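J.: If you're matching positions, the sequence shown starts at 26 in the numbering used here and goes up one per residue. Idealized CB from N, CA, C, for every residue including glycine. Note that the structure is a prediction, hence the values are computed from the model and not measured. Before I ask anything, let me first share the structure, which is written out below as structure tokens.
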Amino acid sequence: MNEQAEEISWADFQKVLIVAGTVTRVEPFPEARKPAWKVWADFGPYGERKTSAQIAALYAPEALLGRQIVGVLNFPEKQIGPFRSQFLLTGFHTEQGVVVTTVERPVPNGARLA
């Protein structure tokens, strides 16, 4: 599927706070409508934040712990059932499930995507 995206400026891109963080905790989220985990990540100077992520199809909690992921930190918080999501865990939708965006080698938590 080819989607045409509106061209943006560098200033537009810089508005999105996309940073690396390390997964510190993963818990079941039985109240979620679709299979999901509650995920906490350490974003260094931005602190630890939590999110609900529909990644249970491809990832067990132990496979996520300690892994560096990529998150968007400056979306407004979102209430998902009884849970408050504080960042967007980025990934790619596939037929098998969402593949989490990770870094190729370790970077400091809070390092910004450039």
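#1: Who are the near neighbours of residue 52 in its chain, counting only those whose CB is closer than 6 Å to its CB and skipping five residues on each side?
#2: Below 7 Å CB to CB, which residues in the same chain sit around residue 97 once its five sequence neighbours on both sides are set aside?
#3: Give, in chain order, every unbroken run of the alpha helix (DSSP H) that is at least 4 residues long and sits entirely within the segment 63 to 134.
#4: Under 6 Å Cβ to Cβ from residue 89, same chain only, skipping five residues before and after it: list those, please.
#5: Count the C-beta pairs between the segment 117 to 134 and the segment 77 to 87 that are closer than 8 Å, then say yes if the count reaches three, no if not.
#6: What separation, rounded to the nearest whole angstrom, lies between the Cα atoms of residue 71 and residue 32?
#7: Where does residue 36 fall in DSSP's three states?
#8: Just to confirm, is the Cβ distance from residue 104 to residue 46 under 8 Å?
#9: Spatial neighbours of residue 109 within its chain, please: C-beta separation below 6 Å, excluding the five flanking residues on both sides.
T.: Let me lay it out:
#1: 63
#2: 41, 42, 43, 112, 113 and 115
#3: 86 to 89
#4: 48 and 51
#5: yes
#6: 29 Å
#7: helix
#8: no
#9: 102
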